[in-house]
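Okay, so here's the structure we're looking at.
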Amino acid sequence: MKRPIIEINNLSFTYEHQTVLEHIDLIVEEGSFLGLVGPNGSGKTTLLKCVLGLLKSKSGEIRLFGTPINEFKNWHEIGFVSQKANSFNTGFPASVFEVVSSGLTSKLGLFKFLGKEDKEKVYKAIAAVGMSDFSKRNIGELSGGQQQRVFIARALVSDPKLLILDEPTVGVDAKTVQQFYDLLKELNDKLNITLILVTHDIGTITDKVTHVACLNKHLHFHGNSEQFELTKDHELAEFYGHSLQLLTHDHAH
Numbered sequence: 331m332k333r334p335i336i337e338i339n340n341l342s343f344t345y346e347h348q349t350v351l352e353h354i355d356l357i358v359e360e361g362s363f364l365g366l367v368g369p370n371g372s373g374k375t376t377l378l379k380c381v382l383g384l385l386k387s388k389s390g391e392i393r394l395f396g397t398p399i400n401e402f403k404n405w406h407e408i409g410f411v412s413q414k415a416n417s418f419n420t421g422f423p424a425s426v427f428e429v430v431s432s433g434l435t436s437k438l439g440l441f442k443f444l445g446k447e448d449k450e451k452v453y454k455a456i457a458a459v460g461m462s463d464f465s466k467r468n469i470g471e472l473s474g475g476q477q478q479r480v481f482i483a484r485a486l487v488s489d490p491k492l493l494i495l496d497e498p499t500v501g502v503d504a505k506t507v508q509q510f511y512d513l514l515k516e517l518n519d520k521l522n523i524t525l526i527l528v529t530h531d532i533g534t535i536t537d538k539v540t541h542v543a544c545l546n547k548h549l550h551f552h553g554n555s556e557q558f559e560l561t562k563d564h565e566l567a568e569f570y571g572h573s574l575q576l577l578t579h580d581h582a583h
């Protein structure tokens, strides 16, 4: 068994009087690529916020890299790309290089200058997402898909062992989405980065991810992508609480 990167044990979370997560048990192993799926309001973002230490659960336990979350200090080992990355102010006067280098501020401090090694890290992260030709370009001049690659590079620049992406393809066209998923698979395969991707594109991710988790307040399914492929549509409809026409499991793209 590979080393667990995330261990969640009996986690429940309540907003005021509404229970959003109930008795969640989940282990994400090193090198895996987890697709986290579920309907709107199912608790996906809440679960991510608990893992990122942004929300504190009333009951249950989370361990990151074997350490209880309240004792965990190495937050630079976790990269995060939110869905809000898409609503980036395109008039903001910053180059791709500057945006990506801002991912080092947690390590360097806000007003430290980049040394030669740091600059090399920035260029390496930009290259990893295939954006080397755009390093001097203003972020506002890029397409939505290109911007998302830059935000991934910003998350990669601190050498994270875990990368979490919360619906990063909202508002991005279908062709770019496929290229984006190919990029994530490459990061997982070549750099061995553990990935968690929250997505609605269930049918299109099963050939990219290694594992799938279906969340709707409870964790209804967690297994590898082959097991998920064998799950019947009516069973998934039960997980979701409604019928799912989106589940095509179509890999002809």
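Heads up: the sequence shown is residues 331 to 583, going by our numbering.
Virtual Cβ for every residue (Gly too), placed ideally from N, Cα, C.
In this text the structure is predicted, and so the values were computed from the model without any measurement.
SER342 and LEU351 closer than 8 Å at C-beta: One thing to note: SER342 has its Cβ within 8 Å of the Cβ of LEU351.
The region 497 to 516 contacting the region 425 to 435, beta-carbon criterion three pairs below 8 Å: Verdict: no, contact absent.
Uninterrupted beta strand (DSSP E) stretches inside the region 337 to 390 (no shorter than 3 residues): Fully enclosed beta strand (DSSP E) runs of no fewer than 3 residues occupy 348 to 359, 363 to 367 of the region 337 to 390, in order along the chain.
Whole-Å CB distance - VAL539 paired with LEU527, under 8 Å assumed: Sure, about 7 Å apart at Cβ, within 8 Å.
Selected residue, minimal CA-CA separation from ASN468, among THR435, PRO423, MET461, HIS353: Check the Cα spacing between ASN468 and each of THR435, PRO423, MET461, HIS353: the tightest is with PRO423.
SER387 versus ILE338 - alpha carbon distance: Approximately 11 Å, taken between the alpha carbons.
Collapsed DSSP secondary structure at ARG467 in the structure displayed: Correct three-state label for ARG467: coil.
Residue environment, GLY409, which counts as buried when at least 16 other CB atoms sit within 10 Å: Under this definition GLY409 is a buried residue.
Residue range of the alpha helix (DSSP H) that includes LEU444: Here LEU444 belongs to no alpha helix (DSSP H), and DSSP marks it neither H nor E.
ASP512: first and last residue of the uninterrupted alpha helix (DSSP H) it sits in: In the DSSP assignment, ASP512 falls within the unbroken alpha helix (DSSP H) covering 504 to 521.
HIS552 - DSSP class collapsed to helix/strand/coil: For HIS552, the three-state secondary structure derived from DSSP is strand.
Collapsed DSSP secondary structure at THR397 in the structure displayed: Strand at THR397.
Three-state secondary structure assigned by DSSP to ASP496: Here ASP496 sits in strand by DSSP.
Limits of the unbroken alpha helix (DSSP H) element including ALA483: Run containing ALA483: 474 to 486, per the alpha helix (DSSP H) assignment.
Closer than 7 Å: ALA483 CB and nearest the ligand ZN heavy atom: This structure lacks the ligand ZN, and indeed carries no ligand of any kind.
Between the CA atoms of ASN400 and PHE510 - distance to the nearest angstrom: Computed Cα separation, rounded: 33 Å.
Counted within 10 angstroms of its Cβ, other Cβ atoms place THR529 as buried (16 or more) or exposed: Per the 10 Å Cβ criterion, buried.
With 16 other Cβ atoms within 10 Å as the buried cut-off, status of GLY396: Exposed: under 16 other Cβ atoms inside 10 Å.
Cβ shell of HIS579 (< 8 Å), same chain only, five flanking positions each side left out: Reliability of the predicted coordinates at HIS579 is poor, the pLDDT of 40 falling under 50, and no value is obtained from them.
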